[in-house]
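**Student:** Got a structure here, written out as structure tokens. Questions coming.
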Amino acid sequence: MESKFWNEEIETMPRKQLEQLQVERLKKTVEIAMGSKFYAPKFKELGITPESIKSVEDIRKFPFTTKNDLRATYPFGIASCSLDKVVRLHSSSGTTGNPTVILHTKKDLDEWADAMARSMYCIGLRSTDIIQNTSGYGMFTGGLGIQYAAERLGALTVPAGAGNSKRHVKFITDFGTTALHCIPSYATRLAAAFEEEGINPRETTVKTLIIGAEPHSEAQRKRIEEIWGAKAYNNFGMSEMCGPGVAIECQEQNGMHIWEDNYIVEILDPETLEPVPEGEIGELVLTTLNREAMPLFRYRTRDLTRIIPGDCPCGRTHKRLDRFQGRSDDMMIIKGVNTYPIQIEKILMQFPELASDYLITIETIGDNDEMTVEAELKEATDDFAMLQNLTKEITRRLKDEILLTPKVKLVGKGVIPQSDGKAKRVVDLRQNH
Amino acid sequence: MKTIKQISIFLENQHGKLGDILTALKNENIEIQAASVADTTEFGILRLITSDQTKAARLLSEKGNLVNINEVMAIQVESNTSAFADAIDTLTEGGVTISYLYTFHKDGKLVLIIRPASLEKAEQVAVKAGLTLIQGWE
């Protein structure tokens with residue numbers, strides 16, 4: 046019988062043993078990072094050496110690393126090894142400052158491909174699958190990261206790349222693609238492209254979608270699964286950690302197993318930076334355990350999530366991250382109330398009259414912060430009263446959730462702007478932001 | 015059923031939206047016979063009777079508009095207020111509730127486009143009273 050696991054020993058390792066492995070790998074990583082101009086002086090000051098590490102809890106002695114550190118040391122300031130050993134780099138777009146650069150040795154790429162291949166295997170993909178990637182091939186890790194992993198899995202991999210939905214439709218139809226890697230908003234847009242060609246997406250060969258890189262709600266996942274007649278699995282990665290392949294849902298679809306042989310996971314209160322009680326929401330902070338070119342210690346991801354308590358019936362012992370509750374940076378403080386876009390999305394998704402796109406605009410009117418929520422209507426109606434009631438009902442339900450009354454505007458198709466295929470969710474026009 | 019097709023287009027409150035719709039119809043030589051706009055400050059519904067409803071609906075839909083086609087009742091009366099009033103009285107007395115109404119002139123007659131709460135009931139009352147119902151012309 047075929048194994049349920051890509052790497053059974055690692056994936057089902059008893060916790061105690063897994064933690065022992067983490068300690069060993071942390072020691073090794075500290076040794077490597079002694080070669081970093083960025084970390085070496087910090088370690089010296091804090092008395093951190095490989096020998097000083099006795100347990101996973103010792104991670105709390107380490108300094109934090111932030112995106113600003115990556116920007117300030119651009120491009121190679123954190124590197125732990127000489128560029129001679131580095132074979133690839135990936136970079137962010139740098140729209141809000143210096144881009145961030147992440148370096149990879151040959152071994153880093155190898156471990157990354159293996160971790161993402163493990164993730165693909167975990168959701169039931171096999172070498173017999175045909176995997177089509179809709180991510181851009183370039184500096185973005187969603188392109189090459191998925192490509193190498195799917196090839197490692199042994200699947201026929203279609204590097205179709207970003208954009209051009211018509212071409213994706215053609216490839217899926219012609220090649221018999223069984224799995225897609227895409228961001229959630231693109232999953233709905235691509236489905237619409239099929240419908241424009243007169244093809245029901247449910248009739249295609251696509252049976253699995255790997256979705257990620259964009260926060261989305263459970264309702265949105267269900268909708269994607271419904272439109273496609275396929276399973277959609279939430280996948281988590283970030284270029285700072287490698288790229289896709291950090292955590293993925295198993296077939297239970299209840300939380301993403303984060304591969305703890307590769308990372309130490311902490312969930313901290315974003316204000317105090319102390320651990321939150323188990324099961325509570327906080328900022329995800331990660332330490333790499335299996336990287337050479339540019340290990341990062343206690344990297345503040347800014348993603349808000351929690352660890353789902355308890356064991357997973359799938360048999361994997363690696364902790365499960367809950368669906369992200371937005372980013373600590375995305376938090377909007379409106380009239381003193383903390384609000385996350387995902388709260389609004391959750392409510393909008395409960396209305397079958399609405400499509401998946403929406404836009405939140407915050408502006409100062411008089412002395413007040415006012416929020417406008419534009420929600421995309423799915424179809425036209427002749428029933429004026431229904432639209433008025435719908436607007437009222439959405440307003441009421443949003444008010445119950447976020448404790449302030451937004452102005453709700455229904456809009457037609459294509460009104461909400463799209464940038465680079467990634468849906469923009471919040472526009473903050475306030476003077477002080 | 016003696017009804018005609020009406021198309022309803024969702025209008026978000028956006029500058030130039032109505033002009034875009036009219037231009038699209040003009041370019042395809044689709045003639046508008048009657049138009050009505052219901053609106054709030056945030057959105058509106060444009061209701062149209064055109065020379066080719068199927069083509070108009072497809073065209074506007076392809077242009078990215080949300081378009082709905084539904085059936086409405088079209089009553090043709092003499093072109094004067096008295097005839098208009100009589101027709102409405104007839105429907106009211108017959109217990110018909112009107113959701114909305116708009117009118118236009120065609121071939122020297124007045125045409126009342128009516129969306130009643132129940133099309134079946136309105137039709138029964140109108141036929142019984144001998145009103146002239148226009149059916150499915152395009």
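Going down the list, the sequences are from chains G and C.
Here the first sequence is numbered in this note's numbering, starting from 46 and rising by one per residue.
Here the second sequence is numbered in this note's numbering, starting from 15 and rising by one per residue.
Note that beta-carbon positions come from the ideal geometry of N, C-alpha and C, so glycine has one too.
Between residue 353 of chain G and residue 365 of chain G, is the Cβ-Cβ spacing less than 8 Å?
**Tutor:** Going by C-beta atoms, residue 353 of chain G is nearer than 8 Å to residue 365 of chain G.
**Student:** Going along chain G, which residues have a C-beta under 8 Å from residue 78 of chain C?
**Tutor:** Correct list: 457, 458 and 459.
**Student:** Just checking: is the beta-carbon of residue 72 of chain C within a distance shorter than 8 Å of some beta-carbon in chain G?
**Tutor:** It does not; no Cβ of chain G falls within 8 Å.
**Student:** Rounded to whole angstroms, what's the CA-CA distance from residue 57 of chain C to residue 459 of chain G? Just pull it up for me.
**Tutor:** Each residue's Cα considered, the two are about 15 Å apart.
**Student:** Is residue 395 of chain G buried or exposed, if buried means 16 or more other CB atoms sit within 10 Å of its CB?
**Tutor:** The residue is exposed, with fewer than 16 neighbouring Cβ atoms inside 10 Å.
**Student:** In the DSSP assignment, what are the bridge partners of residue 58 of chain C?
**Tutor:** DSSP, once it has assigned bridges, lists C/25 and C/53 as partnering residue 58 of chain C.
**Student:** Can you find a CB in chain G that lies within less than 8 Å of the CB of residue 111 of chain C?
**Tutor:** Judged by the 8 Å Cβ criterion, residue 111 of chain C is not in contact with chain G.
**Student:** Compile a chain-ordered list of the residues in the region 16-34 of chain C whose CB is closer than 9 Å to at least one CB of chain G.
**Tutor:** Under the 9 Å Cβ criterion, the region 16-34 of chain C contributes 20, 21, 22, 23, 24, 25, 26, 27, 28 and 31.
**Student:** Hey, could you find the ends of the beta strand (DSSP E) residue 280 of chain G is sitting in?
**Tutor:** That run of the beta strand (DSSP E) goes 276-283.
**Student:** Let me know the secondary structure DSSP gives residue 442 of chain G once reduced to three states.
**Tutor:** Residue 442 of chain G falls in the helix class under three-state DSSP.
**Student:** Can at least three beta-carbon pairs, one atom from the region 315-329 of chain G and one from the region 71-85 of chain G, be found at a separation below 8 Å?
**Tutor:** These segments do not touch.
**Student:** Please report the distance separating the alpha-carbon of residue 18 of chain C from that of residue 231 of chain G.
**Tutor:** Their Cα atoms are separated by approximately 39 Å.
**Student:** Excluding the 5 residues preceding and the 5 following residue 391 of chain G in the sequence, name in chain order all residues of the same chain whose CB lies nearer than 6 Å to its CB.
**Tutor:** Around residue 391 of chain G: 262.
**Student:** Any contact between the region 166-178 of chain G and the region 262-275 of chain G? By contact I mean 3 or more CB pairs, one from each, below 8 Å.
**Tutor:** Touching, no, given that fewer than three Cβ pairs across the two stretches are closer than 8 Å.
**Student:** Kindly say whether residue 118 of chain C, judged by its beta-carbon, lies nearer than 8 Å to any beta-carbon of chain G.
**Tutor:** Chain G contact via Cβ: absent.
**Student:** Can you give the beta carbon distance from residue 110 of chain C to residue 118 of chain C, rounded, assuming they're within the 8 Å contact cut?
**Tutor:** That pair is no contact at about 20 Å.
**Student:** For the beta strand (DSSP E) containing residue 129 of chain C, name the first residue and the last one.
**Tutor:** Note, residue 129 of chain C: beta strand (DSSP E), 123-130.
**Student:** DSSP three-state label for residue 152 of chain C, please.
**Tutor:** With a pLDDT of 46 at residue 152 of chain C, under the threshold of 50, the predicted position of this residue should be treated as unreliable, and no value is reported.
**Student:** Look up residue 227 of chain G in the DSSP assignment and give the residues it is bridged to.
**Tutor:** Answer by DSSP bridge pairing, in chain order: G/256.
**Student:** For residue 409 of chain G, return the contacting residues in chain C, with the cut-off set at a CB-CB distance below 9 Å.
**Tutor:** The premise fails here: residue 409 of chain G is roughly 20 Å from chain C at the closest Cβ pair, so nothing lies under 9 Å.
**Student:** Smallest Cα separation from residue 303 of chain G: which of G/241, G/368 and G/92?
**Tutor:** When only C-alpha atoms are compared, the closest one is G/368.
**Student:** Using a Cβ-Cβ distance cut-off of 8 Å, determine whether residue 84 of chain C contacts chain G.
**Tutor:** Yes - at least one Cβ of chain G is within 8 Å of the one on residue 84 of chain C.
**Student:** Rounding to the nearest angstrom, what Cα-Cα distance links residue 415 of chain G and residue 175 of chain G in this structure?
**Tutor:** Taking the straight line from one Cα to the other gives about 48 Å.
**Student:** Please go through the same chain and pick out, in chain order, the residues whose beta-carbon is closer than 6 Å to the beta-carbon of residue 124 of chain G, but skip the five residues on each side of it.
**Tutor:** Same-chain partners within the cutoff: 148 and 339.
**Student:** Considering only DSSP beta bridges, list what residue 146 of chain C is partnered with.
**Tutor:** Partner(s): C/90.
**Student:** Below 7 Å CB to CB, which residues in the same chain sit around residue 222 of chain G once its five sequence neighbours on both sides are set aside?
**Tutor:** Taken in chain order, the residues that qualify are 175, 177, 203, 216, 250 and 251.
**Student:** So, under 8 Å CB-CB, residue 38 of chain C and residue 74 of chain C are touching, yes? Tell me the CB distance rounded to an integer number of Å.
**Tutor:** With a Cβ gap of about 6 Å, residue 38 of chain C and residue 74 of chain C count as contacting.
**Student:** What beta strand (DSSP E) runs, 3 residues minimum, are completely inside the region 377-405 of chain G?
**Tutor:** List check, beta strand (DSSP E) in window: 377-379 and 382-384.
**Student:** When you compare the CB of residue 59 of chain C with every CB in chain G, is at least one pair closer than 8 Å?
**Tutor:** Yes, contact with chain G.
**Student:** How long is the line joining the alpha carbons of residue 51 of chain G and residue 162 of chain G, rounded to whole angstroms?
**Tutor:** Distance between the alpha carbons of residue 51 of chain G and residue 162 of chain G is about 8 Å.
**Student:** Using a cut-off of 7 Å between C-beta atoms, extract the partners of residue 81 of chain C located in chain G.
**Tutor:** Here the neighbours are 425.
**Student:** Quick one: using the 10 Å Cβ neighbour count with 16 as the cut-off for buried, is residue 341 of chain G buried or exposed?
**Tutor:** Per the 10 Å Cβ criterion, buried.
**Student:** Report the CB separation of residue 36 of chain G from residue 409 of chain G in whole angstroms; it is logged as a contact under 8 Å.
**Tutor:** Because chain G here runs from 46 to 478, residue 36 of chain G falls outside it and cannot be looked at.
**Student:** State yes or no: is the beta carbon of residue 233 of chain G nearer than 8 Å to at least one beta carbon in chain C?
**Tutor:** Answer no: the Cβ-Cβ gap between residue 233 of chain G and chain C never drops below 8 Å.
**Student:** Give, in chain order, every residue of the region 423-449 of chain G whose Cβ lies closer than 9 Å to some Cβ of chain C.
**Tutor:** Listed by position, the residues of the region 423-449 of chain G near chain C (Cβ gap below 9 Å) are 423, 424, 425, 426, 427, 428, 429, 430, 432, 433 and 436.
**Student:** Can you give me the Cβ contacts of residue 386 of chain G inside the same chain, cut-off strictly under 8 Å, excluding the 5 residues immediately before and after it?
**Tutor:** Excluding positions up to five away in sequence, the list reads 260, 371, 375, 377, 405, 470 and 471.
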